[in-house]
Amino acid sequence: MSMEKNEKMTEELITIPQGAWGEVWYSLKRNRRAILGLVFIVILVLVAIFADFIAPYGMKEQNLANALQFPNSSHWLGTDDLGRDILSRIIYGTRISLTVGVSAVAFALVIGGSLGIIAGYYQGKLDTLIMRFVDVLLSIPSILLAIAIVASLGSSLRNLIIAIGIANIPVFARVIRSGVISIKEQEFIEASKALGANDLRIIFKHIVPNIMSPIIVQSSTGIATAILSAVGLGFIGLGLEASVAEWGTMLNSGRGYIRTHYYLTLYPGLIIMLTVLSFNLLGDGLRDAFDPKMRER
-4 MSMEKNEKMT EELITIPQGA WGEVWYSLKR NRRAILGLVF IVILVLVAIF ADFIAPYGMK
56 EQNLANALQF PNSSHWLGTD DLGRDILSRI IYGTRISLTV GVSAVAFALV IGGSLGIIAG
116 YYQGKLDTLI MRFVDVLLSI PSILLAIAIV ASLGSSLRNL IIAIGIANIP VFARVIRSGV
176 ISIKEQEFIE ASKALGANDL RIIFKHIVPN IMSPIIVQSS TGIATAILSA VGLGFIGLGL
236 EASVAEWGTM LNSGRGYIRT HYYLTLYPGL IIMLTVLSFN LLGDGLRDAF DPKMRER
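For the record, in the sequence shown the residue sitting at position 82 is 77 according to this note's numbering, with numbers rising by one throughout.
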């Protein structure tokens, strides 16, 4: 019996990759929901990259003679009130939504991460000043803040990214600040200081690599939030111009026909739901994979 147990333990040791990132990937692979989300996200990325080759029609190609056609062999998901193919616009909208989501999170990560690192590492009055500024941003609902910024700057892809990015700065600042404070108190940081390492070397070589797990998890869920914010802005008419294929704009243009032509809002709504769900599933899986206590289960 003990020999069988030892053989089983040996097999597990052989199959589990060595190293921290190997353990994370091994744990993530065991989470079927996270892998399902990851697969769907990879498909979305490929669709966004090759949209020009996949879409059966152009993004702005319209034919009023084919307006408001229900799904058929020529238009698999039907056409809108201007005769534009719904499937093609959803495919091109994938590119817009992923661009906004990833870019807004990258913007928030750079600005919010910098503020969080400075506040957590130096603390004192600088920490108080930065965190009070973050508290002011947190006191304003993120969607309202994004609406105010877009309404002030105007509707464009760049302004949409900036608005959503600014609304997400406080979350990254708080997450990274707490991580920096916890790592800063470790003995190896004190040892680095004793050996003469400067602040930049300590921050980027020792602190940042050790807080990558909460950053990655927050980025994954942050992309889902950013996509929802972009859809919300598009739905209320503060997104991109109507001719651009964007999921929120498609919902806005189709809501007037929701009783007679349900597919105009059904299919964009489904792809929004599946995209946000996939990023959230991946984020939950990454959170569990980075947590040693969850890996032991």
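We put the beta carbon where it would ideally sit given N, CA and C, even for glycine.
| query | result |
| --- | --- |
| Straight-line CA distance for G229 to A237? | 9 Å |
| Restricting to Cα atoms, I'd like to know which of P51, Y87, N67 is closest to V40. | Y87 |
| For T123, which beta-bridge partners are listed by DSSP? | Answer by DSSP bridge pairing: none, since T123 is not bridged. |
| On a Cα-Cα basis, can you pick out the residue from G107, T270, R282, I253 that is closest to F65? | I253 |
| On the criterion of 16 or more Cβ atoms from any shown chain inside 10 Å, does G119 qualify as buried, or is it exposed? | exposed |
| Using only CA atoms, which one of D194, S83, G280 lies nearest to G32? | G280 |
| Can you give me the C-alpha to C-alpha distance between D76 and P209, rounded to a whole angstrom? | 45 Å |
| So L82 and A43 are in contact, right, with Cβ under 8 Å, and what is the actual spacing, rounded? | Between A43 and L82 the Cβ distance is about 15 Å, and since that is not below 8 Å, they are no contact. |
| Relative to the C-alpha of I36, which residue among F285, R282, G278 is closest? | G278 |
| Is DSSP giving T255 helix, strand or coil here? | coil |
| Of all the options G264, N163, R153, which has the alpha carbon lying nearest to the alpha carbon of L133? | N163 |
| Hey, how far is the Cα of S69 from the Cα of I49? | 15 Å |
| Should Y52 go down as buried or exposed, given a rule of 16 or more other Cβ atoms within 10 Å for buried? | buried |
| So, for A62: in the same chain, excluding its five sequence neighbours on each side, which residues have a beta-carbon less than 8 Å away from its beta-carbon? | T74, D75, D76, L77, G78 |
| F102: buried (16+ other C-beta within 10 angstroms of its C-beta) or exposed? | buried |
| For V170 versus Q213, is the C-beta distance shorter than 7 Å? | yes |
| To the nearest angstrom, how far is the alpha carbon of V226 from that of A60? | 29 Å |
| Let me check understanding here. Comparing Cα to Cα, which of G243, N275, T255, L276 lies closest to G264? | G243 |
| Can G115 and R172 be called in contact, C-beta distance under 7 Å? | yes |
| Grouping DSSP H, G and I as helix and E and B as strand, with all else coil, what is G278? | helix |
| According to DSSP, T94 sits in a beta bridge with which residue or residues? | Answer is none; T94 lacks a bridge partner. |
| Roughly how many angstroms separate the alpha carbons of I266 and T220, rounded to a whole number? | 15 Å |
| Under a three-way DSSP split, which group does D47 fall into? | helix |
| Near G316, which residues of its chain fall below 6 Å by C-beta distance, leaving aside the five closest residues on each side in sequence? | Nothing about residue 316 can be read from this structure; the chain reaches only from -4 to 292. |
| Classify T216 as buried or exposed, calling it buried when 16 or more other Cβ atoms lie within 10 Å of its own Cβ. | buried |
| For L23 versus A284, is the C-beta spacing smaller than 7 Å? | yes |
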